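Written out below as structure tokens is the structure these notes cover.
There are 2 protein chains.
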Amino acid sequence: MPKTTKRVTIHDIAAASGFTASTVSRALQNDERISDATRRIIESFAAKMNYRSNALASSLRTGKSKIIGVVIPLFNRTFFASIIGGIETVMKQAGYSVIICQSNDDYESEKEAISALMRARVDGIAISVAAQTKKFDHIQTIKNEQIPLILFDRTYDEIGGHQVMIDDFKGAKEATLHLIEQGCRKIAYFAGLQHLTTQKNRTLGYKAALAEKGIAFDDNLMIISHLKEGSGDHAVNILYEKGIEFDGIFAASDYSAVAAMKNLQKRGVEIPKSVAIVGFADEPFTVLVTPALSTVNQHTNQMGQAVATLFMSLFENKGHPKLVQKMILEPELIIRASSLKKEIF
Amino acid sequence: MPKTTKRVTIHDIAAASGFTASTVSRALQNDERISDATRRIIESFAAKMNYRSNALASSLRTGKSKIIGVVIPLFNRTFFASIIGGIETVMKQAGYSVIICQSNDDYESEKEAISALMRARVDGIAISVAAQTKKFDHIQTIKNEQIPLILFDRTYDEIGGHQVMIDDFKGAKEATLHLIEQGCRKIAYFAGLQHLTTQKNRTLGYKAALAEKGIAFDDNLMIISHLKEGSGDHAVNILYEKGIEFDGIFAASDYSAVAAMKNLQKRGVEIPKSVAIVGFADEPFTVLVTPALSTVNQHTNQMGQAVATLFMSLFENKGHPKLVQKMILEPELIIRASSLKKEIF
DNA sequence: TTAGTTTATGCAATCGATAGCATTGAATAA
DNA sequence: TTATTCAATGCTATCGATTGCATAAACTAA
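Structure below.
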């Protein structure tokens, strides 16, 4: 069988240049023991011969693959894509590559993804835990094998890895406070699945805002769902069916918020005059709906960059036993027309 | 210095079980030469000792890394995220991992990404060419080194790799025909940068539809931009400033379309009654704006799956000289309220 | 019973780069 | 001039898994 064109190795360069493979290796790594003259010779041979170092061989020998793995639930939102974008941007500058895996929010799938990453001998794993994951044995194996582990967004304290997330509590609280300041007293809350820490924290933030302003929490106003496209529409219908009055909506998702807005507009409800609305995530389209949606920006790209930066610091302090780090990013309330009851546009 | 916990290798299993490393290797690969009895013994040792095969070593030896690389411009849209999602879904079932790189639409960055992927000895590279890339030498090196290459979405025939894309011409033509059928005669066209093949094809589709219906192409109605969020707004302003009349808009991007819609609504223009609008991409939010946006679905996830499937077939037919494949997916016109001038909702 | 097969496993080289430990020749010190 | 040091490079084992080519034992056929 005709072999595929053999790739050039340091041995080929060694043979061509008259030095040995070790010298070639050192020259190409800019080892200071190699004289400038030889280095230049070797570099020119390498260039001429179209040499490209074999990362597999290098990784095997050094024990570092220069690859990190990222596990996310699903590529269905700008959210995770943007985080990964941030991670990749920073990591590549440091010479790292990024392998991505989707868990589809499923435990088995997540487990398999982690296993694949560990076989690939990645230098670190960042993971946003799958919605359906209830036990963390698979994540513990990462720690057991001493692989730097960072949990982001969907994190759990009990896992005990480093964490990068936004302050969901604060984001939700500020959003709710803003609605109250705009005069809302019956604020419907379209919540996500409550076993997710992020969603739980948003609920706490919502409640804290109400409490701070002396408004009683009303169970009827909180509607839990998966927050996908149709959910906001559905939630509004429920409120109407049950005859529950509301003058504001805080939705834990922009999709949900905009769907609610659309439903209300169809019913002839004026926004923000009758019902003020705030979403969550600051998806790019929120500026394009009418009225533009107030929302909470999660600084996704920065979150990704924070993950990457944390990795870099973990790699550097390899030997030292390090404290578990928890980075909490500040969310930012973006006020647009959909929530401005008081002012007129 | 305290070594990090040594990982278990086939040699450790060999020592523990009394067989040799080769037997262990074969047993774990289900080589039929190994008896069932020993296989079971070895498997139980492997499980007990928490063995995890080292993909780096295996890849080095076999020459296949079981990794593919994907280069995209940027993770700023659902579009590329969704394609990558599709690729990953299919590849992982076949035991492959996916490394992703962003080119930031920049030639140098793209070149570096390709170089990194080749160092990583990926088994294949899929690339959506950067907007600023005008020469393709870096992409040619992929072919020169016999690495399976697939161009997707942003492709160029002159590169000569396999291609996966949607029929932009058809998508644009159908969108435009639909507007004409709805009674539009002066259809503004918000176009993307015309050196991109995809955008060029959309322009051809737009023109073909006009020609088919005997409508003259009017240069004033075609407004070229990068199609980002604000561009639709800007384009409408230009039309008004120039005093150019129009009764329909075909925008080569949903963002542009929705921004245009918003601008028009602010001006008191009724949609679709006075101006019918069709976008492109079927971003998830298009159903949430009012009126819901008609658009062209690009089947991004399927595109990703097609890329992956094509890779698998390329890997299988390794030896054979294969024809260059060109897979063209059918776009789908999604008709919603924003373009229905004739019917009433 | 002996040669010819199978069946099951071992031996040793290999993939390509790296790194600890020589070695060589030249430069410096005594 | 001889001993010492240093600079530059070579030698060789190694990372962990794979695989072509033995080899040994068991089995079949004659």
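Respectively, the protein sequence lines represent chains A and B.
Quick note: the first sequence uses the working numbering, first residue 1, plus one each step.
Quick note: the second sequence uses the working numbering, first residue 346, plus one each step.
The beta carbon of each residue, even a glycine, is placed where N, CA and C say it ideally should be.
Treat the numbers as computed from the prediction; the structure is a model and nothing was measured.
- Interface with chain A (9 Å Cβ-Cβ cutoff): Arg397 (chain B) is included.
- Taking CB atoms only, Gly248 (chain A) has no neighbour in chain B less than 9 Å away.
- The beta carbon of His299 (chain A) sits closer than 8 Å to those of Ile166, Leu329, Glu330, Pro331, Glu332, all from its chain and outside the five residues before and after it, given in chain order.
- Thr407 (chain B) counts as exposed, since fewer than 16 other C-beta atoms from the protein chains shown sit within 10 angstroms of its C-beta.
- With respect to the C-alpha of Leu151 (chain A), the residue from A:Gly304, A:Ile334, A:His11, A:Arg121 having the closest C-alpha is A:Gly304.
- Under the three-state reduction of DSSP output, Phe45 (chain A) falls in the helix class.
- Pairing Ile68 (chain A) with Gly124 (chain A) gives a Cβ-Cβ distance under 9 Å.
- Straight across, the Cα-Cα distance linking Val435 (chain B) with Thr654 (chain B) is about 7 Å.
- Listed by position along chain B, the residues whose Cβ is nearer than 8 Å to that of Gly85 (chain A) are Leu419, Phe420, Asn421, Gln447.
- DSSP places Ser97 (chain A) inside the beta strand (DSSP E), whose first and last residues are 97-102.
- In the DSSP assignment, Phe535 (chain B) is bridged to B:Ile568, B:Ala596.
- For the stretch 501-528 of chain B, the beta-carbon criterion of a distance under 8 Å to any beta-carbon of chain A is satisfied by none of its residues.
- For the stretch 488-561 of chain B, the full-length beta strand (DSSP E) segments reaching 3 residues or more read 494-497, 507-511, 532-536 along the chain.
- As the crow flies, the alpha-carbon of His540 (chain B) is around 42 Å from that of Arg119 (chain A).
- Collapsing the DSSP output to three states places Gly575 (chain B) in coil.
- Inter-segment contact for the stretch 222-236 of chain A and the stretch 183-203 of chain A is present: three or more beta-carbon pairs are separated by less than 8 Å.
- Boundaries of the beta strand (DSSP E) around Glu332 (chain A): 332-334.
- The residue among A:Lys266, A:Ile72, A:Glu212, A:Ser82 with its C-alpha nearest the C-alpha of Lys111 (chain A) is A:Ile72.
- Per DSSP, reduced to three states, the secondary structure at Lys671 (chain B) is strand.
- With a cut-off of 8 Å on Cβ pairs, the stretch 605-619 of chain B is in contact with the stretch 680-687 of chain B, counting three or more such pairs.
- Using a CB distance below 9 Å, no part of the stretch 17-29 of chain A faces chain B.
- When the alpha-carbon of Lys488 (chain B) is set against those of B:Arg499, B:Ala476, B:Ile560, B:Ala471, the nearest one is in B:Ala471.
- Taken atom to atom, the span from the alpha-carbon of Val8 (chain A) to that of Asn50 (chain A) is near 7 Å.
- With its beta carbon less than 9 Å from one in chain A, Val443 (chain B) belongs to the interface.
- Between the alpha carbons of Lys173 (chain A) and Asn565 (chain B) lies a distance of about 49 Å.
- Against chain A, a Cβ distance below 7 Å from Met463 (chain B) picks out Arg52.
- Nearest in C-alpha terms to Arg154 (chain A), of all of A:Thr133, A:Asp137, A:Gly171, is A:Thr133.
- The continuous stretches of beta strand (DSSP E) do not include Asn301 (chain A), which lies in the alpha helix (DSSP H) extending over residues 300-316.
- A buried status is given to His523 (chain B), since no fewer than 16 other beta-carbon atoms sit within 10 Å of its beta-carbon.
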